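Here's the structure we're looking at; comments come further down.
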Amino acid sequence: MRGDTTLSEEPASTSTPVRRDCGALLGERIVRRVDAGHAKCVLVALKALANVKAERLTAKVMEATVLSHKRPDVAVALLLQVLEEGRPATAAFVAAATWRCARPEALLCVFHRLMCTGRVTDAANLVLELIRHGEAPVVADLLISLLEEGSVEDARDIVAVLLAKGHAAEVAQQSLWMVRVERAQAVAQLRAALVQSGGLALACDAQKALEVLNETAAAIAFHQLVRMGHVDVAARMIIHLVDEGHVGPVCKWIEGLDRQECHETLLQLSITIAKMSRSDVNAAIMGALVESGRLDLAKHCMLDVIKRSHPWVTSAMMIEMVRLGKAKEAARTAVQLSMDGENVAPIEAHVLMLPRGYAPEWAAIMHEVIKLGHADVTARRTALLIKTGRPHLAMMGARALAQTATPRALAEVMLKMVELGEAEAAAELLAELAKYAPTVACDLTGHSNTAASLMLRLLDTEKVATVMIINNYIIQSGHVRAAATLASAMAARTDVQELMDTFDAAAARMLPEV
């Protein structure tokens, strides 16, 4: 057809000089026409190049316009006009072609021009269209380049506008590409820049969207935040999300960090959150992990901070778990630690709980442990407190436990202590409970031999008054047969006359049966 022209690109191997000259020439003509007020015909030509996918020629034209003729304003005007005309695909093609086939400075200059003239929204819109048209890798490279040259604020502002307009999913796409090309530190840098400039909620939106897209990538980006020294930023993001009720995504990040074996990162996060006086956040996360079947991970998180000389973190965490109604989850963690042979380390956390007025919380956890069928765990913890020179703490805990648990449960703990070879500690515990919960003695009488052994130990340590209190209470409670059985068991283990004399001297009540 006459007058028909077809725009196409020759193979790169034969057309480089021609393309360069053609691009320079077209660039010069574009500048002249735009300056002369004839931008419309330039737009027609630009659309034609896009329609035939003339990527290299388009790139050279843009490069010549921006760099050779130093007119990024012309390139900006053309791209924005294309967007205004409802041709986002064309704008995305031109920008992507410029990045791929021209010098990187060309597109960077375009964005610098947009930013320095206050057109942040326009820059964000162009980035959005690039992502929507499958050019997320281009956006990732562009933002990385902005960060590398020190234009952190520009990159941050572009991302902030996208997030503020509800395009977290698109931001997540380019973030994923950053992670895939092993530039997760760029994602972390953008997150930190957002949070430090007041965009905490926006940073959290971006991180949540990335977690939906790829859990591993989200965990890697979070790890990089801590590695780059922004553990405070990561902690603030976690706190914000938990406060907003988004514990689930946080748990996914924690699990991802565990899979990546980023245990130091997990440790630093727990400590930093606790230092921010938000142990309730740590507690919510641990409770959610236990509920979701990740008891092992919750246990490791608690144990690590204790072993790294921060038992107060675990102590505060356990207290808050009780306050959040998650005493059972805390108890399950305590049981798991005991099953794995980790008995000594958790004692440090208990030592911090008991003397600071948190004995009721300690008792709530131990009560749940007993209800789970693991009175042996409570027995070991109590015995260890006594054996390590802290009997006053053990007694403090016992008194609190007496107000929470049933006498039968307390008796079960003492029986377990005896079974574990801790009869001496059990006797001390019985002596303390006799003052505050003498009813426990009635439940012990069902195990007369063990009860007799404990009573005799008390006599050996000159706690005669305590033995008398227990004896008299059992009789006064109407447990006559039990009292007789207990007395007989005691007599079988010691000199009968000496025992009778002791009882008589203390004016203890004695039964005819005895």
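For the working numbering, count along the sequence shown from 1 and bump the result up by 516. Don't be surprised by glycine CBs; every beta carbon is placed ideally from N, CA and C. Fair warning: this is a prediction, and the values are worked out from it, not measured in the lab.
A residue is called buried once 16 or more other Cβ atoms fall within 10 Å of its Cβ, and lysine 932 is buried on that count. For the pair methionine 882 and arginine 897, the CB atoms are nearer than the 9 Å cut-off.
Put simply, of Gln852, Ala927 and Leu757 the residue whose alpha carbon is nearest the alpha carbon of alanine 719 is Leu757.
Within the same chain, Cβ atoms closer than 7 Å to the Cβ of leucine 559 are found at Leu594, Gln597 and Val598, the five residues on either side in sequence being excluded.
If one requires a minimum length of 4 residues, the alpha helix (DSSP H) runs lying completely within the segment 697-784 are 700-712, 716-729, 731-743, 747-759 and 763-775, in chain order. Burial is judged here by how many other beta carbons sit within 10 angstroms of a residue's own beta carbon; arginine 572 has at least 16 and is buried.
Rounded to whole angstroms, valine 829 and alanine 734 show a C-alpha spacing of 25 Å.
If you look at threonine 977, you'll find it isn't in any alpha helix (DSSP H); DSSP assigns it neither H nor E.
Here methionine 930 is buried. Its C-beta has 16 or more other C-beta atoms within 10 Å. Sequence-distant partners of leucine 888 (beyond 5 residues in either direction) whose C-beta falls short of 8 Å from its own C-beta, in its chain, are Lys844, Ala847, Arg848 and Val851.
Taking the CA atoms as reference points, phenylalanine 627 sits about 13 Å from leucine 583. Cβ-Cβ distances below 7 Å link alanine 702 to Leu659, Ile660, Leu663 and Met694 in the same chain, with the five nearest sequence neighbours on each side left out; the list follows chain order. For the pair methionine 834 and methionine 869, the CB atoms are nearer than the 9 Å cut-off.
Setting aside the 5 residues that flank it on each side, glutamate 651 is surrounded in the same chain by Ala608 and Ala612, each with a C-beta closer than 7 Å to its C-beta; the list follows chain order. The straight-line gap separating the alpha-carbon atoms of arginine 839 and arginine 635 is approximately 50 Å. Of all alpha-carbon atoms in Thr614, Leu945 and Cys625, the one lying nearest the alpha-carbon of leucine 646 is that of Thr614. Taking the Cα positions, aspartate 820 is about 11 Å away from threonine 781.
Per DSSP, the continuous alpha helix (DSSP H) segment holding lysine 903 begins and ends at 891-903. A distance of 9 Å or more separates the beta carbons of alanine 685 and alanine 622. For arginine 848, the uninterrupted alpha helix (DSSP H) segment begins and ends at 843-855. Excluding sequence positions up to five before and after isoleucine 736, its CB lies within less than 6 Å of the CB of Val695 and Ala700, all in the same chain and listed in chain order. Spanning the alpha carbons of serine 993 and glycine 913 requires a straight line of approximately 26 Å. The shortest CA-to-CA distance from glutamate 760 to any of Ala717, Ala865 and Glu600 is the one to Ala717. The DSSP-derived three-state label of glycine 803 is helix. Less than 9 Å separates the beta-carbon of arginine 603 from that of lysine 563. Judged by their CB atoms, threonine 920 and proline 954 are not nearer to each other than the 9 Å cut-off. Boundaries of the alpha helix (DSSP H) around leucine 573: 571-579. Taking the Cα positions, alanine 680 is about 28 Å away from valine 590. Here proline 871 carries a helix assignment [DSSP, helix/strand/coil]. Annotated three-state conformation of glycine 962 is helix, per DSSP. Relative to the Cα of methionine 837, the nearest Cα in the group Leu805, Pro653 and Val983 belongs to Leu805.
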